[in-house]
Amino acid sequence: MSPLKGQKLTVSVHASAGDAGAAAAEHVAGLVRPNPTAVLGLATGSSPLPLYQALQQADLNLKAVTAFALDEYVGLPAGHAQSYASVIRSQVVEPLGLTPARVHVPDGNPAEVNAVGEAYEAQILAAGGIDLQILGIGSNGHIGFNEPRSPFSSRTRVVALADRTRQDNARFFEAPEAVPTHAVTQGLATIFQARHLLLIAHGPGKAQAIKRALTGPVTEDVPASILQLHPSVTVYLSKAAAALL
Ligand code: F6R
1120 MSPLKGQKLT VSVHASAGDA GAAAAEHVAG LVRPNPTAVL GLATGSSPLP LYQALQQADL
1180 NLKAVTAFAL DEYVGLPAGH AQSYASVIRS QVVEPLGLTP ARVHVPDGNP AEVNAVGEAY
1240 EAQILAAGGI DLQILGIGSN GHIGFNEPRS PFSSRTRVVA LADRTRQDNA RFFEAPEAVP
1300 THAVTQGLAT IFQARHLLLI AHGPGKAQAI KRALTGPVTE DVPASILQLH PSVTVYLSKA
1360 AAALL
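Under the numbering used here, residues 1120 to 1364 are what the sequence shown spells out, in order.
Right, dumping it as structure tokens:
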């Protein structure tokens, strides 16, 4: 591990995505083993998959863990395979043995759009806050679905997805137009309140975003640059994602 900016932000570079995932899984296990009721924040998408896969090999009981997803698409029918509720269920809850009632995902079909964020924030608060937030990063530097120019003070809310994000995520849908235009996401201030942040990225497509987030100016143009201000961050990268550092 080589500290990049002082002691608080540690960057750990690995030969492959699988190795980065295994190291990140060890980190998560190191929190949960002595603290089986820990509160985790969960990212979806391809970045955390090696972590979730490696966690399956760890001898770990996650039944008492509470978890909060970072975000959810707005407007997908309940049970849609690409809704993050479905993805979290099939990729995290079922394979890792979390207790479904302890796993929360923002409501992507809220009766009252303006109330959805407040309700989710209240659930996080009632759980005592998030101990460890797992994050991926968008090629445009987003975390959660906080797109460039999201305020650092933002809380959980409905946002419009950037065109680039919809293009990036079209690979998960039958057609580019099928990617939802909006999502509910934890805000940057919500993410920042987690006691520890764990960012995982792999592949050359993330190298530029990683460079801007970790070594560029701290600016709302690059939402992930807020990590430079957080007191406790670990970044797990494949060599390809770290190539521009
Ligand atoms: C997903 C999320 C997003 C993704 C990011 C990277 O819950 O909040 O910020 O982490 O879009 O996506 P992948 O990992 O698919 O490249």
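We treat Cβ as the ideally placed atom computed from N, Cα and C, and that holds for glycine.
Proximity of the beta carbon of H1199 to ligand 1 is not indicated: no heavy atom of the ligand is located closer than 7 Å. Remark: the C-beta of L1307 is outside contact range of ligand 1, defined as less than 7 Å to any heavy atom.
The criterion of a C-beta distance shorter than 8 Å is not satisfied by T1284 and D1190.
Note on geometry: alpha-carbon atoms of D1138 and A1360 lie some 13 Å from one another. When the beta-carbon positions are compared, V1337 and L1128 stay at least 8 Å from each other. Between A1148 and A1136, the alpha-carbon positions lie close to 18 Å from each other. When secondary structure is reduced to three states using DSSP, D1287 falls in the helix class. For the set N1265, R1268 and G1257, the Cα lying nearest the Cα of Q1286 is the one of G1257. Here the distance from the Cβ of L1189 to the nearest heavy atom of ligand 1 is below 7 Å.
With a cut-off of 7 Å, the C-beta of T1129 is classified as distant from ligand 1, since no heavy atom of the ligand falls inside that distance.
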